[in-house]
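In what follows, a single structure is set out as structure tokens and then discussed.
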Amino acid sequence: MLGELMAVVGMFNQTNRLANGYQIEVDEQYLKTE
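Quick note: to get the numbering used here, add 1 to the position in the sequence shown (first position is 1).
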């Protein structure tokens, strides 16, 4: 179970790195904090 969690966290980390590298704008629907 811990391995699965680490895989998901790693995947998000990789996705965030790609998004930051390409400087992709985040959709407004994801910026809402409500």
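Don't be surprised by glycine CBs; every beta carbon is placed ideally from N, CA and C.
> How is the alpha helix (DSSP H) around methionine 7 delimited, first residue to last?
Replying inline: The residue you call residue 7 lines up with position 6 of the sequence shown. Element bounds for methionine 7: 3-23.
> According to DSSP, is glutamine 26 helix, strand or coil?
Replying inline: Translated into positions along the sequence shown, residue 26 becomes position 25. It should be noted that the sequence gives glutamate, not glutamine, for residue 26. Glutamate 26 carries a coil assignment under DSSP once its states are collapsed to helix, strand and coil.
> Cα separation between threonine 16 and valine 27?
Replying inline: Start at 1 with the first residue of the sequence shown, and residue 16 comes out as number 15. Start at 1 with the first residue of the sequence shown, and residue 27 comes out as number 26. Those two C-alpha atoms are separated by around 13 angstroms.
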